[in-house]
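Residue numbers (this note's numbering): 348 to 549. Glycine residues also receive a C-beta, built at the ideal position from the N, C-alpha and C atoms. Because the structure is a prediction, the values reported are computed rather than measured.
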């Protein structure tokens, strides 16, 4: 049966993501990818102009997957702090379910690849941070944070927490899962945010 071009592209990206799941993190070559797919390197280049373009395809998938849900969260959940909790939970779950993608998100898989790939990831993370900053602003309008709270610093703190959990997951050979202790740690992050509020005892 002939595989349609779009299906073959997806198959290549899925295989690349699977190969990135190895805890040792060896550099992936197009020769190894072609061998895994049972095709020639030339066949790969009929679908992607370069290996960098393959990684860009993965980054596109990550961005679409995350922001389709983030946009849904911000449109359906009115409470700012619940938006934050759900966004962070999403980011941790996505990594736990997509080991190879986690290595892309932390840049580990992009070492020695085209510099524009890391630039793309940086931009994606900036967008995530901006979404959390906006959720904090919503929380402030609901009087859960002071209007003059440092939303940028708080959003960056939350971003660093997420990236740290991703890093720990990848560096541990995918044994220390991102969602471990999330239920205990979210209240800690929540109260760190509340420390910027005017609530009694804050």
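Using the rule of at least 16 other Cβ atoms within 10 Å of the residue's Cβ for burial, across every protein chain shown, is residue 409 buried or exposed?
Counted from its first residue, the chain shown places residue 409 at position 62. Burial call: buried.
Need the endpoints of the alpha helix (DSSP H) that residue 411 sits in, please.
As a first step, residue 411 must be located in the chain shown, where it is residue number 64. Taken as a continuous stretch (DSSP letters only), the alpha helix (DSSP H) holding residue 411 covers 398-423.
Residues near residue 483 by beta carbon distance below 8 angstroms, same chain, minus five either side
Residue mapping note: residue 483 aligns to position 136 of the chain shown, counting from 1. The answer, listed in chain order, is 427, 431, 492, 496, 498, 501, 502, 540.
Give the range of the alpha helix (DSSP H) segment to which residue 507 is assigned.
The sequence position of residue 507 within the chain shown is 160, counting from 1. Taken as a continuous stretch (DSSP letters only), the alpha helix (DSSP H) holding residue 507 covers 498-518.
Evaluate contact between the region 468-477 and the region 374-389, counting only Cβ atoms and requiring at least three cross-stretch pairs below 8 angstroms.
no
Based on Cα-Cα distance, which residue from 368, 393, 494, 481 lies nearest to residue 422?
On the chain shown, residue 422 is found 75 positions in, with the first residue counted as 1. If we check each option's Cα against that of residue 422, 481 comes out closest.
Work out the CA separation of residue 512 and residue 367 for me, nearest whole Å.
In the chain shown, counting from the first residue as 1, residue 367 sits at position 20. In the chain shown, counting from the first residue as 1, residue 512 sits at position 165. Roughly 18 angstroms between the two C-alpha positions.
Can you look up residue 436 in the DSSP assignment and give me helix, strand or coil?
Here residue 436 corresponds to residue number 89 of the chain shown, with the count starting at 1. In the structure shown, residue 436 sits in a helix (DSSP, three-state: H, G or I).
Grab me the residues of residue 417's own chain with a C-beta within less than 8 angstroms of its C-beta, minus the 5 sequence neighbours each way, in chain order.
Stepping through the chain shown from its first residue, residue 417 is reached at position 70. So the qualifying residues of the chain are 434, 437, 475, 478.
Name the residue from 429, 448, 401, 398 whose alpha carbon lies nearest to the alpha carbon of residue 365.
On the chain shown, position 18 is the one that residue 365 refers to. The option with the nearest alpha carbon to residue 365 is 448.
DSSP state of residue 387 mapped onto helix, strand, coil
Reading the chain shown from its first residue, position 40 is the one you call residue 387. Coil, per DSSP.
Report all residues from its chain with a CB closer than 8 angstroms to the CB of residue 399; omit the five preceding and five following residues, and keep chain order.
Residue numbering aside, residue 399 sits at position 52 when the chain shown is read from its first letter. Cβ neighbours of residue 399 beyond the five flanking positions: 460, 461, 463, 464.
Sorted by chain position, which residues of the same chain lie with C-beta nearer than 6 angstroms to residue 637's C-beta, five sequence neighbours on each side aside?
The requested residue 637 does not occur in the structure, where the chain is confined to residues 348 to 549.
Rounded separation between residue 443 and residue 486 - CA only:
As a position in the chain shown, residue 443 is number 96, starting the count at 1. As a position in the chain shown, residue 486 is number 139, starting the count at 1. C-alpha separation (whole angstroms): 28 angstroms.
Figure out for me which residue from 508, 363, 507, 353 has the closest Cα to the Cα of residue 383.
As a first step, residue 383 must be located in the chain shown, where it is residue number 36. Comparing Cα-Cα distances from residue 383 to each of 508, 363, 507, 353, the minimum goes to 363.
Cβ of residue 316 within 8 angstroms of Cβ of residue 439?
The structure shown does not extend to residue 316, since the chain is modelled only from 348 through 549, so no value can be given for it.
In whole angstroms, what is the alpha-carbon distance linking residue 378 and residue 452?
Sequence index remark: in the chain shown, residue 378 carries index 31 (1-based). Sequence index remark: in the chain shown, residue 452 carries index 105 (1-based). Going from the Cα of residue 378 to the Cα of residue 452 covers about 24 angstroms.
In the DSSP assignment, find the alpha helix (DSSP H) that holds residue 480 and state where it starts and stops.
Counted from its first residue, the chain shown places residue 480 at position 133. Residue 480 -> alpha helix (DSSP H) spans 462-488.
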